[in-house]
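One structure below.
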Amino acid sequence: MSYNFKEIEAKWQRIWAERQTFRSYNDSEKEKFYVLDMFPYPSGAGLHVGHPLGYIASDIYARYKRHKGYNVLHPMGYDAFGLPAEQYAIETGQHPAITTRANISRYREQLDRLGFSFDWSREVRTSDPAYYKWTQWIFIQLFNVWYNRESDKAETIQSLIEHFKKEGNSNVHAACDEDTPAVSAGQWNAMSWKDQQKFLLKYRLTYLADSEVNWCPALGTVLANDEVINGVSERGGHPVVRKKMTQWSMRITAYAQRLLQGLENIDWPQPLKDAQTNWIGRSVGAEVRFLLEGSGEDIRVFTTRPDTIFGVSFMTLAPEHDLVHKITTPEQREAVKAYVDATALRSERDRLADNDRVTGVFTGAYARHPFTGKSLPVWIGDFVLAGYGTGAVMSVPCGDQRDYDFAKHFHLPVPNIFEGVDISGEAFSDKDGTLLANSDFLNGLGYKEATQRVIARLEETGDGRRTVNYRLRDAVFSRQRYWGEPFPVYYEEGVPRMLPTTHLPLVLPEVAKYLPTESGDPPLGNARIWAWDREQHKVVGNEFIDHKKIFPLELNTMPGWAGSSQYFNRYMDPHNEEVIFSSEAIAYWKQVDLYIGGIEHATGHLLYSRFWQKFMFDLGLVPVEEYASKVINQGMILGTSAFVFRRMVYEVVDEVAGTASYEPLSTDPYLVSRNKALQSESYFTDEVMEDMVLTKYPDLAAYKGRIRFNDLPLHVDVSLVHGGDELDISAFKKMKTEFRKAEFILENNKYIVGREVEKMSKSKYNVVSPDAICKDFGADSLRLYEMFLGPLEQSKPWNTAGITGVHSFLKKFWRLYHSGPVETFYVSEPPGELKDAADKDNLKTLHKTIKKVEEDIANFSFNTSVSTFMICVNELTSRNCRSREILEPLVILISPYAPHIAEELWEKLGHKESVSTAPFPNFKPEFLKETSKEYPISFNGKLRFTMELSLDLSTEEIEEAVMAHEKTREQLDGRRPKKVIVVPGKIVNIVG
RNA sequence: GCCUCGGUGGCGGAAUUGGUAGACGCGCCGGAUUCAAAAUCCGGUUCUAACGAGUGUGGGUUCGAUUCCCACCCGAGGUACCA
Numbered sequence: 004m005s006y007n008f009k010e011i012e013a014k015w016q017r018i019w020a021e022r023q024t025f026r027s028y029n030d031s032e033k034e035k036f037y038v039l040d041m042f043p044y045p046s047g048a049g050l051h052v053g054h055p056l057g058y059i060a061s062d063i064y065a066r067y068k069r070h071k072g073y074n075v076l077h078p079m080g081y082d083a084f085g086l087p088a089e090q091y092a093i094e095t096g097q098h099p100a101i102t103t104r105a106n107i108s109r110y111r112e113q114l115d116r117l118g119f120s121f122d123w124s125r126e127v128r129t130s131d132p133a134y135y136k137w138t139q140w141i142f143i144q145l146f147n148v149w150y151n152r153e154s155d156k157a158e159t160i161q162s163l164i165e166h167f168k169k170e171g172n173s174n175v176h177a178a179c180d181e182d183t184p185a186v187s188a189g190q191w192n193a194m195s196w197k198d199q200q201k202f203l204l205k206y207r208l209t210y211l212a213d214s215e216v217n218w219c220p221a222l223g224t225v226l227a228n229d230e231v232i233n234g235v236s237e238r239g240g241h242p243v244v245r246k247k248m249t250q251w252s253m254r255i256t257a258y259a260q261r262l263l264q265g266l267e268n269i270d271w272p273q274p275l276k277d278a279q280t281n282w283i284g285r286s287v288g289a290e291v292r293f294l295l296e297g298s299g300e301d302i303r304v305f306t307t308r309p310d311t312i313f314g315v316s317f318m319t320l321a322p323e324h325d326l327v328h329k330i331t332t333p334e335q336r337e338a339v340k341a342y343v344d345a346t347a348l349r350s351e352r353d354r355l356a357d358n359d360r361v362t363g364v365f366t367g368a369y370a371r372h373p374f375t376g377k378s379l380p381v382w383i384g385d386f387v388l389a390g391y392g393t394g395a396v397m398s399v400p401c402g403d404q405r406d407y408d409f410a411k412h413f414h415l416p417v418p419n420i421f422e423g424v425d426i427s428g429e430a431f432s433d434k435d436g437t438l439l440a441n442s443d444f445l446n447g448l449g450y451k452e453a454t455q456r457v458i459a460r461l462e463e464t465g466d467g468r469r470t471v472n473y474r475l476r477d478a479v480f481s482r483q484r485y486w487g488e489p490f491p492v493y494y495e496e497g498v499p500r501m502l503p504t505t506h507l508p509l510v511l512p513e514v515a516k517y518l519p520t521e522s523g524d525p526p527l528g529n530a531r532i533w534a535w536d537r538e539q540h541k542v543v544g545n546e547f548i549d550h551k552k553i554f555p556l557e558l559n560t561m562p563g564w565a566g567s568s569q570y571f572n573r574y575m576d577p578h579n580e581e582v583i584f585s586s587e588a589i590a591y592w593k594q595v596d597l598y599i600g601g602i603e604h605a606t607g608h609l610l611y612s613r614f615w616q617k618f619m620f621d622l623g624l625v626p627v628e629e630y631a632s633k634v635i636n637q638g639m640i641l642g643t644s645a646f647v648f649r650r651m652v653y654e655v656v657d658e659v660a661g662t663a664s665y666e667p668l669s670t671d672p673y674l675v676s677r678n679k680a681l682q683s684e685s686y687f688t689d690e691v692m693e694d695m696v697l698t699k700y701p702d703l704a705a706y707k708g709r710i711r712f713n714d715l716p717l718h719v720d721v722s723l724v725h726g727g728d729e730l731d732i733s734a735f736k737k738m739k740t741e742f743r744k745a746e747f748i749l750e751n752n753k754y755i756v757g758r759e760v761e762k763m764s765k766s767k768y769n770v771v772s773p774d775a776i777c778k779d780f781g782a783d784s785l786r787l788y789e790m791f792l793g794p795l796e797q798s799k800p801w802n803t804a805g806i807t808g809v810h811s812f813l814k815k816f817w818r819l820y821h822s823g824p825v826e827t828f829y830v831s832e833p834p835g836e837l838k839d840a841a842d843k844d845n846l847k848t849l850h851k852t853i854k855k856v857e858e859d860i861a862n863f864s865f866n867t868s869v870s871t872f873m874i875c876v877n878e879l880t881s882r883n884c885r886s887r888e889i890l891e892p893l894v895i896l897i898s899p900y901a902p903h904i905a906e907e908l909w910e911k912l913g914h915k916e917s918v919s920t921a922p923f924p925n926f927k928p929e930f931l932k933e934t935s936k937e938y939p940i941s942f943n944g945k946l947r948f949t950m951e952l953s954l955d956l957s958t959e960e961i962e963e964a965v966m967a968h969e970k971t972r973e974q975l976d977g978r979r980p981k982k983v984i985v986v987p988g989k990i991v992n993i994v995g
């Protein structure tokens with residue numbers, strides 16, 4: 004019991020908490036550095052070893068920066084609103100606040116055990132009213148602005164109202180709803196208050212609108228686009244359907260271009276930037292108007308290939324397109340209605356599933372080509388999406404594969420407009436490689452020039468214009484759930500109004516039930532005290548609602564990403580009750596310098612929070628437009644699942660010529676076979692197995708000759724596997740009653756489990772808890788090992804066995820300075836045999852380590868640092884070096900990685916202050932200087948011998964010395980070398 | 001299909017302005033210690049009997065390529081009737 008990590012770690016965790024060692028202050032003279040982790044959702048399962056990976060990395064960096072003299076902000080908190088707590092509340096009736104609090108305290112315990120240097124005085128919880136007060140406050144700010152495309156920023160809604168009063172909405176370049184009609188000043192002034200308010204909703208950055216939303220019936224709520232994966236919900240995998248609902252939305256599309264441009268100036272991982280770029284999906288093209296024959300209507304389409312306009316042979320509308328019912332001819336009405344209804348019934352998922360099938364229907368209407376005047380039939384097809392572009396396309400079968408397939412299927416013409424291209428088999432969709440033909444004024448032009456010309460012509464005639472289209476949609480902001488932030492909104496005459504900010508927070512009401520009401524209202528509909536008394540400025544009972552003084556409050560709550568979109572700024576001044584954060588605090592901390600978290604938030608949290616930051620920047624609340632200058636995505640730590648193979652016993656019922664059907668004889672697992680390899684061994688044939696079964700279960704004798712086996716893999720808890728892959732059979736039998744009478748097929752008296760690497764999860768029984776690791780090896784070992792596993796950004800499987808390596812390194816490190824039966828600490832006090840002074844070799848070891856570790860931290864290559872420490876301690880041990888001159892800097896160097904052992908040694912060295920305040924040791928290159936080196940001498944690239952050469956020699960002198968060497972002459976054997984290549988300090992290569 | 005990342009011993013992984021491939025750890029083998037085991041310590045460990053070969057494959061540039069270029073194969077992740 005020499006290195007007593009339990010005692011050491013408990014001691015320092017206590018001292019850090021008592022002395023508030025890692026508290027950071029806003030009034031420091033030092034330069035600031037802000038290291039942030041994505042705060043966790045405190046789930047009931049607690050942490051597994053995968054969760055702390057990013058926290059360990061950020062902690063190392065934060066501690067390193069402290070050594071470097073920075074005032075480091077390294078906070079932690081909880082993203083505490085969310086579905087699992089609510090789901091649990093529905094099942095048990097327990098208030099989500101209670102389970103959330105319990106989960107948080109368990110998380111805190113686990114985090115504390117790992118020795119993180121968080122400043123807990125700044126902790127935030129998104130479900131805390133003192134915190135969500137400011138989430139609600141931002142919502143109100145978003146409501147009170149519109150986006151001016153001319154100044155390219157958000158401006159107060161009052162400025163827009165002034166403009167409407169004078170000029171109506173002409174000359175307003177705003178981000179607004181697409182269907183916003185033109186309104187003159189006279190019309191505006193004549194509008195009722197109610198109509199004015201409804202009109203303004205089309206401009207506000209957060210607005211209430213009837214929109215098609217992703218409705219998840221199983222979860223009973225709407226979901227944002229990023230919460231829907233392949234037509235099912237991200238959480239739980241439930242089907243999602245499109246539904247029209249009145250919902251709050253965030254006009255994130257106003258910021259599409261700035262969100263895209265902002266990516267250029269921030270140091271974020273390329274895959275993350277790419278994910279955001281694709282999600283925003285900017286495409287440049289043209290909007291073209293096609294007049295409909297025989298009616299005043301027109302179809303507006305978006306195309307990225309206006310150059311192919313002479314190849315249009317028909318038009319296609321999305322089934323949900325507004326024009327569909329207006330233009331359909333009486334003859335086609337029935338067919339169209341049937342098609343539209345059928346499409347509406349098919350879920351998004353079905354539509355995605357069979358994308359080979361071509362479906363569509365003719366409306367009977369014709370549009371006119373803007374240049375040729377030709378009649379173009381107007382079709383409906385579900386390959387056209389209502390939500391993208393204008394929900395209508397001009398179909399160019401020769402240049403687009405979908406149009407091509409559609410045309411072929413419905414026998415529509417496929418005119419060719421490409422010079423010398425064969426389109427008999429498929430469409431030609433390359434932009435380059437050919438010139439246009441059959442295209443009137445575009446003949447002989449390539450893609451680029453033709454596009455410019457045609458847009459110019461369209462703009463002249465007023466039939467079209469150049470446009471930029473984005474895939475990004477406005478984000479739905481309402482959730483029909485209980486456990487989220489209430490909207491600070493009440494309704495007057497059906498018009499949403501904001502609560503006065505002085506009344507915030509609007510606290511989540513108590514409800515009798517967490518399920519929706521019987522009339523289908525969200526759970527807040529169950530709250531009895533949920534109405535706004537405008538005169539008294541307080542929340543009162545529903546029964547008093549009179550729509551004059553007392554109004555109903557909004558029943559939806561905000562989505563999970565609301566609280567996480569501003570927390571990083573709130574950490575700067577978390578207890579401020581007057582403002583979201585003081586201007587001094589934000590001016591000092593400015594932005595996050597390093598943000599570590601998972602890439603799964605690429606198109607969710609990491610996009611929405613950038614949007615809010617830009618909005619707050621426009622309002623002058625924050626000094627920078629991007630809140631995180633550098634992001635690192637840590638990889639996932641995977642679990643190594645263990646399997647047993649349950650050999651099911653079947654009776655052959657019918658076996659004819661290779662085909663057979665089997666009936667299970669029993670669900671009892673009579674036998675458990677070792678693994679796949681053993682099953683294939685010839686000894687365990689079905690006959691042998693049958694004998695074993697019949698010996699053990701004589702009552703099955705009647706089935707003799709007809710018994711067959713089938714192996715089913717079954718997860719077994721990894722805690723029951725010892726010494727690598729050996730199963731603890733007796734523990735396993737105790738764990739599951741159904742296995743009590745199982746027979747195990749052993750090899751050398753061992754049962755070896757099957758292995759597979761999977762995501763770490765409770766249901767796969769492969770979870771390794773950090774608590775167990777801390778108990779057996781200590782937090783320092785766990786920290787070192789998680790870093791040692793591999794590159795931070797890479798996913799890697801967990802293997803507990805490997806931790807002994809780093810653990811014995813710590814023991815070795817400890818032992819170097821402790822000896823004797825009573826564990827005396829020795830440094831620079833040689834009892835006889837010790838070498839005291841730091842000699843050249845040891846100084847070299849130290850500075851080599853300083854150099855490498857500092858480089859590694861700068862590159863976030865924490866894994867190789869750990870190796871460097873091991874080599875360093877091995878070298879010092881082999882020389883029995885216990886010099887204070889070496890140990891002191893070494894302890895500082897190791898402290899970011901293994902802070903507890905470092906503190907303990909630091910204290911033993913006689914320091915009163917925490918090691919975390921000690922300055923990082925300076926690298927001195929002079930100690931690494933060598934005077935000579937073994938040079939490898941190679942001939943034609945092949946190594947022949949090595950010779951010692953002084954490093955002071957010049958290239959020419961080395962060459963001379965090598966050529967004069969006896970062995971060189973031997974090799975050359977009288978020939979003359981063509982060339983001698985000398986790389987100073989590395990190699991000499993003689994080419995002959 | 002498109003985008004991104006990756007491919008090096010039995011395993012996790014080192015090494016890039018191109019310069020002795022396999023650092024460090026795990027595992028394995030051998031030894032010391034022990035009545036024995038655990039723990040600990042020391043040594044060995046890419047493959048091959050050897051010659052030699054060797055960083056996914058095939059080319060190229062170079063005196064020299066894991067590193068640079070071209071083509072391809074495989075794996076992981078993301079994304080998509082996006083006009």
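Residue numbers (our numbering): 4 to 995. For every residue, glycine included, the Cβ atom is placed at its ideal position computed from N, Cα and C.
For this session: Check each candidate in Pro508, Glu580, Leu527 and Leu502 and name the one with the smallest Cα separation from Trp535.
Result: Leu502
For this session: Put Met194 into one of helix, strand or coil per three-state DSSP.
Result: coil
Problem set entry | Inter-residue Cα distance where the pair is Gly189 and Val595 | 49 Å
Problem set entry | Nearest candidate by alpha-carbon position, reference Gln974, set Thr949, Thr958 and Leu956 | Thr949
For this session: Along the alpha helix (DSSP H) that carries Asp403, what are the first and last residues, could you check?
Result: That residue, Asp403, is in no alpha helix (DSSP H); it is neither H nor E in DSSP.
Exercise. Between Thr670 and Pro99, what straight-line distance do the alpha-carbon atoms span, to the nearest angstrom?
Worked result: Here the model assigns Thr670 a pLDDT of 49, short of 50, so the residue's position is not dependable and the matter cannot be decided.
Exercise. Between the C-alpha atoms of Ser154 and Val175, what's the straight-line distance to the nearest angstrom?
Worked result: 11 Å
Problem set entry | For Tyr81, the three-state DSSP class (helix, strand or coil) | strand
Problem set entry | Top-ranked residue by Cα proximity to Glu323, from Thr331, Lys843 and Thr346 | Thr346
For this session: Express the C-alpha separation of Glu587 and Glu581 in angstroms, rounding to a whole number.
Result: 13 Å
Problem set entry | Cβ neighbour criterion (16 or more within 10 Å) applied to Phe444 | exposed
Exercise. Between which two residues does the beta strand (DSSP E) harbouring Ala998 extend?
Worked result: With the chain covering only 4 through 995, there is no way to say anything about residue 998.
For this session: Could you name the residues of the same chain whose beta carbon sits closer than 7 Å to that of Phe121, not counting the 5 residues immediately before and after it, in chain order?
Result: Phe25, His77, Pro78 and Met79
Exercise. For the candidate residues Glu878, Arg482 and Ala775, whose alpha-carbon lies nearest to that of Leu558?
Worked result: Arg482
Problem set entry | Limits of the beta strand (DSSP E) - the one that Tyr788 falls within | Premise fails: Tyr788 lies in the alpha helix (DSSP H), Ala782 to Phe791, not in any beta strand (DSSP E).
Exercise. In three-state terms, what does DSSP make of Asp859?
Worked result: helix
Problem set entry | Residue ranges of each beta strand (DSSP E) within the region 55-100, 3 or longer | 74-76
Exercise. Since Tyr494 is in the beta strand (DSSP E), which residue starts that stretch and which ends it?
Worked result: Val492 to Glu495
For this session: May I ask you to report which of helix, strand or coil DSSP gives Glu21?
Result: helix
Problem set entry | Complete runs of the alpha helix (DSSP H) confined to the region 99-125 [at least 4 residues] | 99-116
Exercise. Since Leu211 is in the beta strand (DSSP E), which residue starts that stretch and which ends it?
Worked result: Thr209 to Cys219
Exercise. Expressed to the nearest angstrom, what Euclidean distance is found between the alpha-carbon atoms of Ile602 and Val830?
Worked result: 46 Å
For this session: Rounded to whole angstroms, what's the CA-CA distance from Gly223 to Asn529? Just pull it up for me.
Result: 15 Å
Exercise. Who are Met619's beta bridge partners in DSSP?
Worked result: None, per the DSSP bridge assignment.
Problem set entry | DSSP bridge partner residues for Asp576 (one or two, in chain order) | In DSSP, Asp576 forms no bridge with anything.
For this session: Out of Pro489, Glu496 and Gly523, state which residue places its alpha-carbon closest to the alpha-carbon of Leu507.
Result: Pro489
Exercise. In its own chain, which residues sit with a C-beta less than 7 Å from the C-beta of Asp466, not counting the 5 before and 5 after it?
Worked result: Val291, Arg292 and Pro373
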